[in-house]
Amino acid sequence: MPRRAATKRTTFRHGNLPDALIKAAIRRIEEHGGGSITLRDLAQDTGVNHRAIYRHFPDKEALLAEVAERIWRDFIHHLGKAVANEAPGEAMLVAAGLAVFTFGRKNSNIFLFATGAYPSLGVRFPRLEAAITEALQIFVVGFAGTGIAPNLVVARAGVYIASMQGLTAQYLYGRLRVAPDKANAWMRDTCHLLIKGLAEHGFG
Numbered sequence: 300m301p302r303r304a305a306t307k308r309t310t311f312r313h314g315n316l317p318d319a320l321i322k323a324a325i326r327r328i329e330e331h332g333g334g335s336i337t338l339r340d341l342a343q344d345t346g347v348n349h350r351a352i353y354r355h356f357p358d359k360e361a362l363l364a365e366v367a368e369r370i371w372r373d374f375i376h377h378l379g380k381a382v383a384n385e386a387p388g389e390a391m392l393v394a395a396g397l398a399v400f401t402f403g404r405k406n407s408n409i410f411l412f413a414t415g416a417y418p419s420l421g422v423r424f425p426r427l428e429a430a431i432t433e434a435l436q437i438f439v440v441g442f443a444g445t446g447i448a449p450n451l452v453v454a455r456a457g458v459y460i461a462s463m464q465g466l467t468a469q470y471l472y473g474r475l476r477v478a479p480d481k482a483n484a485w486m487r488d489t490c491h492l493l494i495k496g497l498a499e500h501g502f503g
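Under this note's numbering, think of the first position of the sequence shown as 300, with each following residue one higher.
Structural data, given as structure tokens:
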């Protein structure tokens, strides 16, 4: 009896569809921004029917929360390397602040996606909220080393990281007129000014 020819498989064979979808979403965000994501496009990118996505994510928002968490984890790694050799205090905070800026310059669409609308998803998605809190903790450690009152440390860290994110976003949007070759030095000076102000004036 002649052997039947093997049927060519066209379905997803990766073995980890959620991971493949997250990576596909990050690639699209890198190229076209966060607003470019559709589930049908991601299904096409990963070679599955778009209905297969719902076996792993209840909706697009849940998928985007996973994407944002992955980006924040990468960001935390970047921050950790930047401050690895710095003692808590002003030097650590400057290194961390500059790291926010350099991460944003290198990954503009990714940065704007993760620090824009989607951090609000952390309220609904605990793992994303945990990642954002872990990033903030690096700045908390930095401010704890400045000698300010312990009850003010978290608030100051929050103001500082929010300022870094906002300044970086404004630079990426072209609203801060700083020459590219002078941008890192400008941000370093800005970090020193912010730290000085936060150390001298409380937000208690």
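All C-beta atoms in this analysis are idealised placements derived from N, C-alpha and C, irrespective of residue type, glycine included.
Query raised in the report: How about the segment 476-487 and the segment 440-456: do they share at least three Cβ pairs that are nearer than 8 Å?
Result: No, the segment 476-487 is not in contact with the segment 440-456.
Report task. Check the C-beta distance from residue 402 over to residue 483 and give it rounded, since I have them as a contact under 8 Å. Result -> Not really, about 12 Å apart at Cβ, beyond 8 Å.
Query - Rounded distance between the beta-carbons of residue 340 and residue 327, thought under 8 Å - result: 7 Å
Requested in this report: Report, in whole angstroms, the separation of the C-beta atoms of residue 385 and residue 394, which I expect to be a contact under 8 Å.
Outcome: 5 Å
Report task. From the DSSP output, in three-state form, read off residue 447 for me. Result -> coil
Report task. Can you give me the start and stop residues for the alpha helix (DSSP H) that residue 320 sits inside? Result -> 316-331
Query raised in the report: Which class does residue 337 belong to by DSSP, given the choice of helix, strand or coil?
Result: coil
Query raised in the report: Quick one, are the C-beta atoms of residue 438 and residue 460 less than 7 Å apart?
Result: yes
Query raised in the report: In angstroms, rounded to a whole number, what distance separates the CA positions of residue 316 and residue 430?
Result: 22 Å
Report task. Round the Cβ separation of residue 342 and residue 352 to the nearest angstrom and send it over; I've been treating them as touching at under 8 Å. Result -> 6 Å
**Report entry** Simplified DSSP state of residue 455, which is helix, strand or coil
**Finding:** helix
Query raised in the report: Sorted by chain position, which residues of the same chain lie with C-beta nearer than 7 Å to residue 344's C-beta, five sequence neighbours on each side aside?
Result: Closer than 7 Å at the Cβ level, and outside the excluded window around residue 344, lie 323.
Requested in this report: Report the rounded CA-to-CA distance for residue 474 versus residue 468, giving the unit in angstroms.
Outcome: 9 Å
**Report entry** Beta-carbon proximity check, residue 408 vs residue 496, cutoff 7 Å
**Finding:** Not in contact: residue 408 and residue 496 (Cβ atoms no closer than 7 Å).
Query raised in the report: Do you know offhand how far residue 410's Cα is from residue 463's?
Result: 12 Å
Query raised in the report: residue 455 to residue 448, Cα distance in whole Å?
Result: C-alpha separation (whole angstroms): 10 Å.
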